[in-house]
Amino acid sequence: MLRELSVQNLALIEDVQVELEGGFCAWTGETGAGKSLLLTALGLVLGGKASADLVRAGKAEARASAVFEIEDQALRGELETILGGVLDEDALIVTRRVFSQGRSAAQVNGMPVTIATLQRLGEQMVDIHGQNEGRALLDPDRQRDLLDAFGALDEPLEAYRRARAAHDGLRRKRQALLDATQARQRERALLEFERDELARADPRLGEHDELVRDSHLLANAEALRAAAAEGYDLLYEADHSAQEILKRVARSLKPLADSVPELSGAAATLERLADETREVAYSLREMGQSWEDNPARLEEIEARLALYRRLAARFHCTADELAARRVETEAKLSSIERDEEDLEHLDAPLAEAFQALKSAAAALSAARRKTARDFGRAIQSRLKPLGLEKARLTVEVETRDLGDDPTASSPPEYGADCVEMLFLANPGEAPRPLRKIASGGELSRVTLAAKTVLACTDRVATLVLDEIDTGVGGRLGAALGKTLSELALHHQVVCVTHLPQVACYARRQWVIRKQTERGRTTTTITPLSDDDRVHELALMLRGESAAEGTRQEALAMLREAQGLQKAGAGTNGRAKRR
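If you're matching positions, the sequence shown starts at 12 in the numbering used here and goes up one per residue.
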């Protein structure tokens, strides 16, 4: 709950600090005293819009700070999620600074945060309602959330969300595969053409090098034969051949080996060289005989090499890479085919998940329709004592058909229902959506009625009401005060009011005044003792002309209200917020 609000240099406020309590807190004061400025300060703390106009004249910055006690563990978890860290203390200190240039800065427990973070925190901790703000009840989404809270529909809602997540996961997976396969259709056509071309060519690893070698041999067969024949002749066949010369020298050295032993080794070497020369000559003769002219084979090889060159140019690779390119192409086609198979295999589980989603959505819708009647009646029963005895309020649940296409986008995370509060202020009129016809005063009272109905389920600890009694007389003011005191059994209620019949039901009361000193006007807020409250209530009843009789009337009003409060607390004091 809101424990403390301090404001410095905000318009008429120079330096104000308010220490609040739980229960019903009333802020009273004359029109123009600055009550709205305190709410503006609270709004800044909760992420409201800032402007340079808010800074007090002659000051560099305005500052608003609030201390919130965090008592609810579930709320604590929500706040820690928003802040992205564990709260070390049971209090949240939120500060907002607005500079004269118009920019602003925010901190939570001394750490800088964004304005968006303030807004998310504020949604969890404070609900502000006034003539021109806090119109959340007009939002059908908010009405749906209230209906779910009233009916305690967490279980069917969670079941629906699980079914939605399962369906949405499969749907997204299928869509991703579909997008991928569609995007690869043109690629597939190119890959199939490439595969067929390479399959017809049937390139083999190393074949190109063999073809190049064979082409060279066939193209130069005559020259090769001539060279081989000449080599055979010079090495072996001709007179004075190399082999004959080697043998002759070896024979001439052998007789001398007895005198010069070293010549024996030389002779042996020459004989070995002569034998090797003969073998080389025989090899040249055999190779020369094998190098026959084969124009047909040469033409066949050249055609094959031309095919290699053409395919290499077409597929932007080297001739040696064509065999690997064929394997790569077939692998890509296999991948596309697997994706298509996976796409087909998803159809059955997707259809099953879609049926489960429809069943969960139908169960949630049925639970909401069943709850809507009781919720509408409960709110309407609270409107009569608030001066709307002729008003009628119903809650309508309209369910969208999810269709029969499992591949269609999943419905929203809250279900297939649109919830709308229909309001009828006067008999004889047709009920219309609350957001289209309710006045500010009517909306505030409908909100109060809904808040009272949901007192035990609403986690937001602090409810701020700005002049909810606009247009309400004394008799209805008393009823309004009773309702607020009842609501305050479960929430901290801060109410800005002009009616003494409302203020007397508050647990604590503060008066907001405007005063002028040394030519500067400032706004102050002062907590009232019981005696001060009697005096202030008398002023609210009769103004400055209030006599002793008015004071007695104010005292009786306060005692009666406080007595009813104590009785109510004794009956309902054990109620807990869920």
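We treat Cβ as the ideally placed atom computed from N, Cα and C, and that holds for glycine. Quick caveat: nothing in here was measured; it's all calculated off a predicted structure.
Excluding five sequence positions before and after Glu564, the CB atoms of its chain that fall closer than 8 Å to its own CB belong to Ala549 and Leu552, given in chain order. A residue is called buried when at least 16 other Cβ atoms come within 10 angstroms of its Cβ; Thr92 does not meet this threshold and is exposed. Counted as a single uninterrupted DSSP element, the stretch harbouring His140 is not any alpha helix (DSSP H) but the beta strand (DSSP E) occupying residues Val137 to His140. DSSP lists Glu80 as the bridge partner or partners of Ala102. Taking the CA atoms as reference points, Phe161 sits about 14 Å from Thr458. Looking at the backbone, the Cα of Ala234 and that of Glu208 are separated by about 37 Å. Check the Cα spacing between Gly33 and each of Glu82, Asp244, Glu221 and Ser252: the tightest is with Glu82. Apart from sequence neighbours up to five positions away, no residue of its chain approaches His227 with a beta-carbon distance below 6 Å. A Cβ-Cβ contact shorter than 8 Å links Ser376 with Val408. Judged by their CB atoms, Leu474 and Val507 are not nearer to each other than the 8 Å cut-off.
Across the structure, Gln526 and Gly492 are spaced so that their CA atoms are roughly 29 Å apart. Cys467 counts as exposed, since fewer than 16 other C-beta atoms from the protein chains shown sit within 10 angstroms of its C-beta. Rounded to whole angstroms, the separation of the alpha carbons of Glu311 and Leu222 is 10 Å.
A distance of 8 Å or more separates the beta carbons of Ile523 and Ala37.
At a cut-off of 4 residues, the continuous stretches assigned as alpha helix (DSSP H) that sit fully inside the region 271-326 are 273-301 and 306-325. Beta-carbon to beta-carbon, Leu295 and Leu257 are separated by about 17 Å, too far to satisfy the 8 Å threshold. When rounded, the separation of the alpha-carbon atoms in Thr192 and Leu333 is 26 Å. In this structure, Tyr319 is the residue among Tyr319, Asp99 and Ala436 with its C-alpha nearest to the C-alpha of His219.
In this structure, the beta-carbon distance from Leu465 to Cys515 does not fall below 8 Å. Rounded to whole angstroms, Val119 and Gln186 show a C-alpha spacing of 42 Å. At the C-beta level, Ala364 and Leu188 stay beyond 8 Å of one another. Straight-line measurement puts the Cα of Asp541 at about 14 Å from the Cα of Gly574. With a contact defined as Cβ atoms closer than 8 Å, Phe79 and Met122 miss out at about 15 Å. In terms of Cβ geometry, Val18 and Leu50 do not form a close pair [threshold 8 Å]. If you draw a straight line from the Cα of Gly414 to the Cα of Pro422, it comes to about 11 Å. The DSSP-derived three-state label of Ala75 is strand. By the neighbour-count criterion, in which 16 or more other beta carbons inside 10 Å mark a residue as buried, Lys462 falls on the buried side. With a cut-off of 8 Å on Cβ pairs, the region 434-451 is in contact with the region 398-405, counting three or more such pairs.
Note that the C-beta distance between Ala75 and Gly113 is not below 8 Å. Between Leu435 and Pro396, the alpha-carbon positions lie close to 16 Å from each other.
In the same chain as Ala323, and ignoring 5 residues on each side of it, the C-beta atoms closer than 8 Å to its own belong to Thr329, Ala330, Glu332 and Leu333, in chain order.
Counting along the chain, no alpha helix (DSSP H) covers Ser111, and no H or E run does either. The alpha helix (DSSP H) runs of length 4 or more contained entirely in the region 357-395 do not exist; there are none. DSSP, reduced to helix, strand and coil, places Val124 within a strand of the structure shown. Val97 and Glu89 have their C-alpha atoms roughly 11 Å apart. Bridge pairing for Ala117: Arg107 and Val124 [DSSP].
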